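Going by the numbering used here, the sequence shown opens with residue -12, and the numbers climb by one from there. Worksheet: one structure, shown below.
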Amino acid sequence: MIGLCLGLAGLVWAQVPTPAFTLAWDHTIEKIRWEEDYRVTPQGLLLGEARVRGSGAGMEIPEGAELKDGSWRYHRTLPPLQPLRVGRTPEAGDYQLCFDEQCHVLSEWLGPPTAEQPALELWSCAQVE
């Protein structure tokens, strides 16, 4: 079974057995929620729809986005991401990983964000059972 691996430089810190997930976070300055939907495939993570609840500093609404249910919704065409690298610091707060109709902060698997480890990678991987 394929799923999601969390770690850095190929070192797996945690595995999540899910074929799809939403990565969500609050903008550090504007405190506005962003969400990106991904499918986990053997080639990597495929970005589907993305949503942002407003605009602000460094948060321009992409051309072609549509306002629906309080969020600007849009799609970007990207090749599979393998890995998807994100910054993770105490000042920025933590990301949420949403799947199976529930959201979980990454610290549930990885502990709190630290200045000593300011980055994280997510990639598709075979799940160890």
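Idealized CB from N, CA, C, for every residue including glycine. Only a predicted model underlies this, so the values are computations on that prediction, with no experimental measurement involved.
(message) Just to confirm my understanding: we take Ala106, look at its own chain, exclude 5 residues before and 5 after, and list those with CB closer than 8 Å. What are they?
(response) For this step, residue 106 is matched to residue 119 along the sequence shown. Excluding residues within five positions, the ones whose Cβ falls inside 8 Å are Leu(-5), Arg72, Val73, Gly74, Arg75.
(request) Grab the span of the alpha helix (DSSP H) containing Ser111 for me, first residue to last. (result) In the sequence shown, counting from the first residue as 1, residue 111 sits at position 124. That residue, Ser111, is in no alpha helix (DSSP H); its beta strand (DSSP E) goes 106 to 113.
(request) Look at the alpha carbon of Glu95 and the alpha carbon of Glu88, and state the distance between them as a whole number of angstroms. (result) Residue mapping note: residue 95 aligns to position 108 of the sequence shown, counting from 1. Residue mapping note: residue 88 aligns to position 101 of the sequence shown, counting from 1. Their Cα atoms are separated by approximately 16 Å.
(request) Going by CA-CA distance only, name the one from Ile(-11), Val39, Phe8 that's closest to Phe18. (result) Here residue 18 corresponds to residue number 31 of the sequence shown, with the count starting at 1. A small correction: the amino acid at residue 18 is Lys; Phe does not occupy that position in the sequence shown. When only C-alpha atoms are compared, the closest one is Val39.
(request) Determine the direct distance from the alpha carbon of Gly80 to that of Leu10, and round the result to whole angstroms. (result) As a position in the sequence shown, residue 10 is number 23, starting the count at 1. As a position in the sequence shown, residue 80 is number 93, starting the count at 1. When rounded, the distance between both Cα atoms is 13 Å.
(message) So, for Cys90: in the same chain, excluding its five sequence neighbours on each side, which residues have a beta-carbon less than 8 Å away from its beta-carbon?
(response) On the sequence shown, residue 90 is found 103 positions in, with the first residue counted as 1. Setting aside the 5 residues that flank it on each side, Cys90 is surrounded in the same chain by Thr9, Ala11, Gln83, Leu84, each with a C-beta closer than 8 Å to its C-beta; the list follows chain order.
(message) Please classify Val(-1) as buried or exposed, where buried requires at least 16 other C-beta atoms within 10 Å of its C-beta.
(response) Here residue -1 refers to the residue found at position 12 of the sequence shown. The residue in question, Val(-1), is exposed, as its Cβ has fewer than 16 Cβ neighbours within 10 Å.
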